[in-house]
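Visitor: The sequence shown maps to residues 44 to 201 in the numbering used here. Virtual Cβ for every residue (Gly too), placed ideally from N, Cα, C.
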Amino acid sequence: MKRLCIVLVSLSLFSCHFFESKEKRTQELIDSELREIDWNSIDTYPLFLDCDETATKEQQRQCFEQRITAHFEETLNEFEFIVDSEDNPTVAVIFVIDADGEIDILEIEKDRYILKQMPEFDGIVTQSLKTVPEITPALKRGIPVSTKFRIPIQLNTK
44 MKRLCIVLVS LSLFSCHFFE SKEKRTQELI DSELREIDWN SIDTYPLFLD CDETATKEQQ
104 RQCFEQRITA HFEETLNEFE FIVDSEDNPT VAVIFVIDAD GEIDILEIEK DRYILKQMPE
164 FDGIVTQSLK TVPEITPALK RGIPVSTKFR IPIQLNTK
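1) Report back the beta-carbon spacing between ILE85 and LEU182 to the nearest angstrom; my notes put them in contact at under 8 Å.
2) If you count every other CB in all the chains shown that lies within 10 Å of the CB of THR174, and 16 or more means buried, which is it?
3) When you compare the CB positions of PHE107 and CYS94, do they come within less than 8 Å of one another, or not?
4) Under three-state DSSP, which class holds LEU172?
5) Need the endpoints of the alpha helix (DSSP H) that ILE157 sits in, please.
6) Just the C-alpha distance for GLN103 and SER64, rounded to the nearest angstrom, thanks.
7) For PRO89, which residues in the same chain have their Cβ closer than 8 Å to its Cβ, ignoring the five residues on either side in sequence?
8) With distances taken between CB atoms, is the gap from PRO132 to ASP165 smaller than 8 Å?
9) So for ASP74, helix, strand or coil by DSSP?
10) Since I believe ILE157 is in contact with VAL134 (beta carbons under 8 Å), could you give me their beta-carbon distance rounded to a whole number of angstroms?
11) With 16 as the cutoff for other CB atoms within 10 Å, does PHE138 come out buried or exposed?
12) Assign THR69 to buried or exposed, taking buried as 16 or more other Cβ atoms, counted over all protein chains shown, within 10 Å of its Cβ.
13) Per the DSSP calculation, PHE91 is bridged to which residue(s)?
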């Protein structure tokens, strides 16, 4: 009887260590995988419904850029912007497409003279992005992730 108790006690002690080391190995494997992931790149770009999700990553990028640029051109051409400048100033719109496919503007980079001459510009750009057609978010290892973009907009002067 004593031997049976000793055997059971020793088995239970060893089994705890067996599971603990298995958990530890699993955690080490997970940590190793996480270190190897390139967190600065995505596997697939955000896509509009008319972009091909089976296309190459480069083709997806081109489709996304073409559609977002076309949308900006279409919506911003409805407004007449008058800028008193000798060159065509460039404005940069920095935005995030979150894991749900929603767009949030982080910043609109522009010169002070554009702000003075067109105080309504930020509101127009914000409204333009609110009317973007549905976008599926970027994917990293099959999981939707947020992605940050910077789109330059060149204002034509007359």
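Guide: On the basis of the supplied data:
1) Counting from 1 along the sequence shown, the entry for residue 85 is found at position 42. Counting from 1 along the sequence shown, the entry for residue 182 is found at position 139. Between LEU182 and ILE85 the Cβ distance is about 7 Å, and since that is below 8 Å, they are a contact.
2) Locating residue 174 in the sequence shown gives position 131, counting from the first residue. Exposed, since its Cβ has fewer than 16 Cβ neighbours within 10 Å.
3) Along the sequence shown, read from residue 1 onward, the residue named residue 107 stands at position 64. Along the sequence shown, read from residue 1 onward, the residue named residue 94 stands at position 51. In contact: PHE107 and CYS94 (Cβ atoms closer than 8 Å).
4) Locating residue 172 in the sequence shown gives position 129, where the first residue counts as 1. The answer is helix: DSSP assigns LEU172 an H, G or I state.
5) Taking the sequence shown and counting its residues from 1, the one referred to as residue 157 is at position 114. Run containing ILE157: 155-160, per the alpha helix (DSSP H) assignment.
6) Position 60 of the sequence shown holds residue 103. Position 21 of the sequence shown holds residue 64. Their backbone Cα atoms lie some 43 Å apart in a straight line.
7) On the sequence shown, position 46 is the one that residue 89 refers to. Within the same chain, PRO89 has close Cβ partners PHE107, ILE140, GLY144, ILE178, THR179, PRO180, ALA181, THR190.
8) Numbered from its first residue, the sequence shown carries residue 132 at position 89. Numbered from its first residue, the sequence shown carries residue 165 at position 122. Cβ distance not < 8 Å, so PRO132 and ASP165 don't count as in contact.
9) Taking the sequence shown and counting its residues from 1, one reaches residue 74 at position 31. Three-state result, ASP74: helix.
10) The sequence position of residue 134 within the sequence shown is 91, counting from 1. The sequence position of residue 157 within the sequence shown is 114, counting from 1. Indeed they touch by this definition, with Cβ atoms about 7 Å apart.
11) Within the sequence shown, numbered from 1, the residue matching residue 138 stands at position 95. Under this definition PHE138 is a buried residue.
12) Residue mapping note: residue 69 aligns to position 26 of the sequence shown, counting from 1. So THR69 ends up on the exposed side.
13) Within the sequence shown, numbered from 1, the residue matching residue 91 stands at position 48. BP columns for PHE91 point to ILE178.
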